[in-house]
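Undergrad: The structure under discussion is supplied below as structure tokens; questions concerning it will follow.
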Amino acid sequence: MRILAAIAEVFRPYTPIDDIDLFAGRVNEVAEVLGTVYERGRHVVIHGDRGVGKTSLANVMERLLVRRADGQEEARVLVVKAACDSTDNFASVWRRVFNGIALTRDIRRTGFRAEPAEEQLDLAELLPEILRPADIVSAARTLGRTVVILDEFDRLQGSETARAFADTLKALSDADADMTVVIVGVGRSVTELIGEHESVERCLKQVRIPRMSNAEAEAIIATGLERAGMAINDDAKERIIRLSQGFPHYTHLLAKNAAEKALSSDRTEIEMADVEGAIAVALEQAAESVKETYRRAVTPQRRQSLFDNVLLACALAAEAGGGTFGSTDVREALERITGQRMELTRFSYNLGKLCSVERGPVLDRLDYPGRPRYRFRNPLLQPYIVLQGHSRGVI
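Pasting the structure below:
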């Protein structure tokens, strides 16, 4: 029971990591963010695909900043983290940031012998009803060194909201306010998060979170199993790393399920059979939206449909191509899957349909000069497709 509880603690496929000791990898990204946070007048935008671990990184950054400042007066820093949602706007986010930050104000009492008193004020209550970037600067000046982390920034709606935040970042930098804002959100570029605002680019540090490297996935497995008192053989470890496709969620999910399979057989070392069993469980536990998208994409309208194998070929091609791929990449992967020679004309119909509403769309078509390239609209679907391929015995 102790080991089983430890497994549930160290492998968390459904919640972001908030324990520094469990956080593995992302050394360069952590260093970039920490280095920028201590530069006055600069802010950080952490962006990347959904599911690559941005919120976990934000959680760990919060704790690292607090730990670094603990007991060091010169490094004292107030760290505030707020999550955005689709109902938020510029004002509601900032009110959430400042809510609970207490300011102390001296009160003069009447009378010759009256001693001065203090009162505690909530900073959010002092904000004007209509908030502007200048008001955020004024509020920032009442605080000491402050780092504000805004997670899930991509959920905010409207270009006006994005513009207001961009203007605020610039205003904070221009005023030399001792506040750094760290924006975290899904996006392939900063433009997708805060729009095109050239005036703010000079004060922004862009930190893209790529998919995990194999070494980072291995570190997650090793760190978790060591803490739980378990081990894994090399073949099983390599299989989990390959199937994860660079997504921490799948590394945690497969490692957790495989560890539980091993324990159910009274073993503390994970073997290949445990990983195979974990694949079936992972497919069952996948998000319903992912499962429904997959079903819609591959459900045949006639016998001998190629959609399942074409979709799998796309997933394998995306892995090899760093997220994007062309039709020739799909052909090469499809030939490996089927063991047959494939002409482009044989699957071009399927590729086109996977970009249509009828089948999802599952893919986005990128019109580069020459032949088009493709990418998955939801990158988290890609590992699920590969797991399905293993489950079907195709790869």
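Adding 646 to a residue's 1-based position in the sequence shown gives its number in this note's numbering.
Built from N, CA and C at the ideal position, the CB exists for glycine as well.
1. Where do the N-terminal and C-terminal ends of the beta strand (DSSP E) with Y1020 fall, by residue?
2. What span of residues does the alpha helix (DSSP H) with F993 cover, start to end?
3. Give the single residue among T970, P1015, A748 whose Cα lies nearest to the Cα of D768.
4. Exposed or buried, V1032, counting other C-beta atoms within 10 Å across all chains shown (16 or more means buried)?
5. If you draw a straight line from the alpha carbon of I983 to that of N955, how long is it in whole angstroms?
6. Leaving aside the five residues before and after P1025 along the sequence, list all residues of the same chain whose C-beta is less than 6 Å from its C-beta, in chain order.
7. Near D920, what residues of its chain come up, given a Cβ to Cβ distance below 7 Å and the 5 sequence neighbours on each side ignored?
8. Three or more beta-carbon pairs under 8 Å between the segment 660-675 and the segment 861-879, yes or no?
9. DSSP state of T826, grouped into three classes?
10. How many Å lie between R801 and I829 at the Cα?
11. Excluding the 5 residues flanking C1001 on each side, which residues of the same chain have their C-beta closer than 6 Å to its C-beta?
12. Pull up the CB-CB distance for F736 and A810, whole angstroms please, since I reckon it's below 8 Å.
13. Assuming T814 contacts V793 under a Cβ cut-off of 8 Å, what Cβ separation, rounded to an integer in Å, is found between them?
14. Does the beta-carbon distance from I653 to K851 come in below 8 Å?
15. Would you give the residue range spanned by the alpha helix (DSSP H) that T792 belongs to?
16. So for I916, helix, strand or coil by DSSP?
17. Is A817 closer than 8 Å to V783 when the C-beta atoms are compared?
18. Within its chain, find whatever has a CB closer than 7 Å to the CB of G1035; leave out the 5 residues flanking it on each side and keep chain order.
19. How about A863 and T897: are their beta carbons less than 8 Å apart?
20. Using the three-state DSSP reduction, which class does L952 fall into: helix, strand or coil?
21. First and last residue of the beta strand (DSSP E) that includes D1010?
22. Would a C-beta distance cut-off of 8 Å place L1027 and T939 closer than the cut-off?
23. Just the C-alpha distance for D1013 and R1019, rounded to the nearest angstrom, thanks.
24. Whose C-alpha, out of E655, A677, G892, is nearest the C-alpha of P1029?
25. How big is the Cα-Cα spacing for S845 and F799?
26. Using the rule of at least 16 other Cβ atoms within 10 Å of the residue's Cβ for burial, across every protein chain shown, is T733 buried or exposed?
TA: Considering the structure as presented:
1. Counted from its first residue, the sequence shown places residue 1020 at position 374. Note, Y1020: beta strand (DSSP E), 1019-1022.
2. The residue you call residue 993 lines up with position 347 of the sequence shown. Counting along the chain, the alpha helix (DSSP H) containing F993 begins and ends at 990-999.
3. Position 122 of the sequence shown, counting from 1, holds the residue named residue 768. Answer by Cα proximity: A748.
4. To locate residue 1032, count along the sequence shown from 1; it is residue 386. Around the beta carbon of V1032, 16 or more other beta carbons sit within 10 angstroms, so the residue counts as buried.
5. For the purposes of this step, residue 983 is taken as the residue at position 337 of the sequence shown. For the purposes of this step, residue 955 is taken as the residue at position 309 of the sequence shown. Straight-line Cα distance between these residues: approximately 7 Å.
6. Numbered from 1 along the sequence shown, position 379 holds the residue referred to as residue 1025. For P1025, where only same-chain residues beyond five positions count, the Cβ hits under 6 Å are D695.
7. Reading the sequence shown from its first residue, position 274 is the one you call residue 920. Taken in chain order, the residues that qualify are A882, A904, K907, A908.
8. yes
9. As a working mapping, residue 826 is identified with position 180 in the sequence shown. Looking at T826 - three-state DSSP - the assignment turns out to be strand.
10. Position 155 of the sequence shown holds residue 801. Position 183 of the sequence shown holds residue 829. For R801 and I829, the distance between alpha carbons rounds to 12 Å.
11. On the sequence shown, position 355 is the one that residue 1001 refers to. Here the set comprises P1007, L1009, R1011.
12. As a position in the sequence shown, residue 736 is number 90, starting the count at 1. As a position in the sequence shown, residue 810 is number 164, starting the count at 1. Confirmed, Cβ separation roughly 4 Å.
13. For the purposes of this step, residue 814 is taken as residue 168 along the sequence shown, with counting starting at 1. For the purposes of this step, residue 793 is taken as residue 147 along the sequence shown, with counting starting at 1. About 15 Å separates the two Cβ atoms, so there is no contact after all.
14. In the sequence shown, residue 653 corresponds to position 7, counting from 1. In the sequence shown, residue 851 corresponds to position 205, counting from 1. No; because the gap between Cβ atoms is not below 8 Å, this pair is not in contact.
15. By 1-based counting over the sequence shown, the position of residue 792 is 146. First-last for T792: 792-797, but that is the beta strand (DSSP E), not the alpha helix (DSSP H).
16. Your numbering for residue 916 matches position 270 in the sequence shown. I916: strand per DSSP, three-state reduction.
17. Residue numbering aside, residue 783 sits at position 137 when the sequence shown is read from its first letter. Residue numbering aside, residue 817 sits at position 171 when the sequence shown is read from its first letter. Remark: C-beta atoms of V783 and A817 approach each other more closely than 8 Å.
18. For the purposes of this step, residue 1035 is taken as residue 389 along the sequence shown, with counting starting at 1. Answer for G1035: L958, I1041, listed in chain order.
19. Here residue 863 corresponds to residue number 217 of the sequence shown, with the count starting at 1. Here residue 897 corresponds to residue number 251 of the sequence shown, with the count starting at 1. It is a contact, given that the beta carbons lie within the stated cut-off.
20. Locating residue 952 in the sequence shown gives position 306, where the first residue counts as 1. Note: L952 maps to coil in three-state DSSP.
21. Here residue 1010 is taken as the residue at index 364 of the sequence shown, counted from 1. Taken as a continuous stretch (DSSP letters only), the beta strand (DSSP E) holding D1010 covers 1009-1012.
22. Taking the first residue of the sequence shown as 1, we reach residue 1027 at position 381. Taking the first residue of the sequence shown as 1, we reach residue 939 at position 293. Going by C-beta atoms, L1027 is nearer than 8 Å to T939.
23. Start at 1 with the first residue of the sequence shown, and residue 1013 comes out as number 367. Start at 1 with the first residue of the sequence shown, and residue 1019 comes out as number 373. When rounded, the distance between both Cα atoms is 7 Å.
24. Position 383 of the sequence shown, counted from the first residue, corresponds to residue 1029. The residue from E655, A677, G892 with its alpha-carbon nearest to that of P1029 is G892.
25. Within the sequence shown, numbered from 1, the residue matching residue 845 stands at position 199. Within the sequence shown, numbered from 1, the residue matching residue 799 stands at position 153. For S845 and F799, the distance between alpha carbons rounds to 20 Å.
26. Numbered from 1 along the sequence shown, position 87 holds the residue referred to as residue 733. Burial state of T733 is exposed, judged by a 10 Å Cβ sphere holding fewer than 16 other Cβ atoms.
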